[in-house]
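Visitor: Just add 319 to the spot in the sequence shown (first one is 1) and you have the numbering used here.
Where a beta carbon is used, it is the ideal one built from N, C-alpha and C, also for glycine.
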Amino acid sequence: MRLLFIVLAFMAGSVLAQPYPSKPVRLVVTFPPGGSTDTVARIFAPRLGERLGQPVVIDNRPGAGGAIGIDATLKSPADGYTIVLAAAGALTIIVHFPNRPAYDPTKDLAPITMIGTSPFLLVSHEETTARKVIDEAKANPGKLAYASGGNGTAMHLSGEMFKLMAGIDLIHVPFKGSGPAVTAAAQGQPPLAFADITSALPLLKSGRVKAVAVLSKERSSFLPDVPTLAESGVPGYEAIGWFGLLAPAGTPAPVVSRLAAETVAVMRQPDIKEKLAAAALEPWVTTPEEFLTFMRTETAKWGRVIRESGAKLE
């Protein structure tokens, strides 16, 4: 019996001593192929695999605003061989609604690093300014409308936060995705849309819609002549699209640290930055601790917006 214990202890020690990673790493992507989240994954995953010495295999698990992909991640062992690339909605927004997912992002997931950001925009079918939009809305309360990519999305809540901070009443018209929302705005039905830059850029380039404002705190390098909402009459306004890399809670700290260090190194490479820029995306990397703090701040912000605006998923 003693010999058996010795053998088992030796075997356990050998497993623990195996260098990480010793097999391919699965990267769960919470949206389907072709979207901005998937684009980010396909830009950095191959290079991350090179640095880790093992392939990073993309596994698209779309649905429920990203919750399905996170749920799949949480059902996997917390060993660093399943990680997830998720966006703001699944991590900081849908947790506030009545039919919220069963997970708590700040407790059930271990942040690795932020990956990047994608600017949000307010666009219109005609040349205008945020100040004029506010003035028109105040003169005609409850008559001016805006489109978004759907109820409960980051773009919807960006519009609701605009209403709250500007003290105006707008009608929300949800569409199934930012692309259809921007297309509707180009036709003036409704005349405004809150959208991510990836969805808006083709119609911006063709002149079918006009950029009224960017929603970030500072102007975007992709649209340097477009003012922010904060400088256009809504001081303190800020809403951005972002992506982050996470693992199941309980993943060993050395593994999280290794993944964070290698991902940050990848995102700082000049050719990776160029590929991201071509998709109107900017790298933004953090420590795991900074990412967790950011998630908590964003969760609190969107919770206030949902409570004060009465926004609903349906």
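How far does the beta strand (DSSP E) with Arg345 in it extend, from its first residue to its last?
Guide: Residues 344-348.
Visitor: Going by the CB atoms, is the gap between Ala397 and Ala568 shorter than 8 angstroms?
Guide: Yes, Cβ-Cβ distance for Ala568 and Ala397 is below 8 angstroms.
Visitor: What are the start and end residues of each continuous alpha helix (DSSP H) run of 4 or more residues lying completely inside the stretch 379-446, in chain order?
Guide: Listed in chain order, they are 386-393, 424-427.
Visitor: Taking buried to mean at least 16 other C-beta atoms within 10 Å of its own C-beta, is Val347 buried or exposed?
Guide: With 16 or more other Cβ atoms within 10 Å, it is buried.
Visitor: Of the choices Gly408, Val376, Gly461, Thr448, whose alpha-carbon is the least far from that of Gly384?
Guide: Nearest of Gly408, Val376, Gly461, Thr448 to Gly384, Cα basis: Gly408.
Visitor: I'd like the ranges of any alpha helix (DSSP H) spanning at least 4 consecutive residues and lying wholly in the stretch 436-502.
Guide: Here the runs fully enclosed are 449-458, 473-485.
Visitor: Put Asp515 into one of helix, strand or coil per three-state DSSP.
Guide: DSSP places Asp515 in strand when its eight states are reduced to three.
Visitor: Can you tell me where the alpha helix (DSSP H) with Ala596 in it begins and where it stops?
Guide: Ala596 -> alpha helix (DSSP H) spans 589-597.
Visitor: Going straight from the alpha carbon of Val501 to that of Pro343, what length do you get?
Guide: For Val501 and Pro343, the distance between alpha carbons rounds to 39 angstroms.
Visitor: Should the stretch 523-539 be regarded as contacting the stretch 438-450, the criterion being three or more beta carbon pairs within less than 8 angstroms?
Guide: Enough Cβ pairs lie closer than 8 angstroms, so yes.
Visitor: Residues in its own chain within less than 8 angstroms of Gln558 by CB, not counting five upstream and five downstream?
Guide: A small fix is needed here, since residue 558 is Ala in this sequence, not Gln. Hits under 8 angstroms: Phe439, Ala473, Leu476, Ser477, Met480, Leu534, Ser535.
Visitor: If you reduce the DSSP assignment to three classes, tell me which class Gly622 lands in.
Guide: Gly622 falls in the helix class under three-state DSSP.
Visitor: Using three-state DSSP, classify Thr612 as helix, strand or coil.
Guide: Thr612 falls in the helix class under three-state DSSP.
Visitor: Tell me whether Asp590 is buried or exposed, calling it buried when 16 or more other Cβ atoms sit within 10 Å of its Cβ.
Guide: The residue in question, Asp590, is exposed, as its Cβ has fewer than 16 Cβ neighbours within 10 Å.
Visitor: Please confirm if the stretch 483-499 is in contact with the stretch 453-466, defined as three or more CB-CB distances below 8 angstroms between the two stretches.
Guide: At 8 angstroms Cβ cutoff, the stretches touch.
Visitor: If you measure between the beta carbons of Pro509 and Ala466, is that distance less than 8 angstroms?
Guide: It is a contact, given that the beta carbons lie within the stated cut-off.
Visitor: Go through its chain and collect everything with a Cβ distance to Gly555's Cβ below 8 angstroms, but skip five positions before and after it.
Guide: Once the five neighbours on either side are set aside, the close Cβ partners of Gly555 are Met484, Ala549.
Visitor: Output yes or no for whether 8 angstroms exceeds the beta carbon distance between Leu564 and Ile434.
Guide: In this structure, Ile434 lies closer than 8 angstroms to Leu564 by Cβ.
Visitor: Do you know how far the Cα of Ile413 is from the Cα of Ile431?
Guide: Roughly 21 angstroms between the two C-alpha positions.
Visitor: Among the residues of its own chain, which have a CB less than 8 angstroms from the CB of Val583, if the five just before and after it don't count?
Guide: Result list for Val583: Thr432, Val604, in chain order.
Visitor: How would you call Val359, buried or exposed, if buried means at least 16 neighbouring beta carbons within 10 angstroms?
Guide: So Val359 counts as buried.
Visitor: Just reading off the alpha helix (DSSP H) that Ala360 is part of, what are its end residues?
Guide: Run containing Ala360: 355-371, per the alpha helix (DSSP H) assignment.
Visitor: With 16 other CB atoms within 10 Å as the buried threshold, where does Ala405 fall?
Guide: With 16 or more other Cβ atoms within 10 Å, it is buried.
Visitor: Give the single residue among Ala630, Gly622, Gly629 whose Cα lies nearest to the Cα of His415.
Guide: Among Ala630, Gly622, Gly629, the Cα nearest to that of His415 belongs to Gly622.
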